Amino acid sequence: MASFTTSSYRFDLTRLSVALLILGLIFITARLSIGDSLTVGYVMVIPVYVFLSAVLEDARLVKHSRVHAWVETLAALSAAAACGYTGYQLWISGY
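Quick note: to get my numbering, add 1072 to the position in the sequence shown (first position is 1).
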């Protein structure tokens, strides 16, 4: 089993690939069922947040302080908000 390890995280590449595949299928399903890029961007906010939260929680090797957990949560929320903002920018651009 291949993994990428840092000082406090170990990312299992097989599980990460499966999770990315599922996230991609959710995106393709959303894109096919919703033609508007603004709505697709906003719909993908929740799956991206859940994906990042699950990956970070699963990869953690040691228990950190509460501050560290909040930083992980803020990172996942920021990436999810960026997904929604990207949908907004594509909608403004005419896609």
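We treat Cβ as the ideally placed atom computed from N, Cα and C, and that holds for glycine.
Bear in mind that the values here come from a model prediction, so they are computed numbers and not experimental data.
Nearest candidate by alpha-carbon position, reference residue i, set the options
i, options, result
"S1171", "L1097, R1132 and G1107", "Because the chain is modelled from 1073 through 1167, residue 1171 falls outside the range shown and cannot be assessed."
"S1080", "K1135, C1155, V1143 and T1145", "K1135"
"G1159", "V1117, S1109 and W1142", "S1109"
"S1150", "L1095, R1103 and S1125", "S1125"
Buried or exposed (CB count within 10 angstroms, at least 16 for buried), residue i
i, result
"G1107", "exposed"
"V1120", "buried"
"A1148", "buried"
"S1165", "exposed"
"V1090", "exposed"
"V1072", "Given a span of 1073 to 1167 for the chain in the structure shown, any question on residue 1072 remains unanswerable."
Beta strand (DSSP E) segment containing residue i, residue limits
i, result
"T1077", "S1075 to T1077"
Let me know the alpha helix (DSSP H) ranges lying completely inside the region 1092 to 1153, each 4 residues or longer, listed in chain order. 1109 to 1115 and 1117 to 1131
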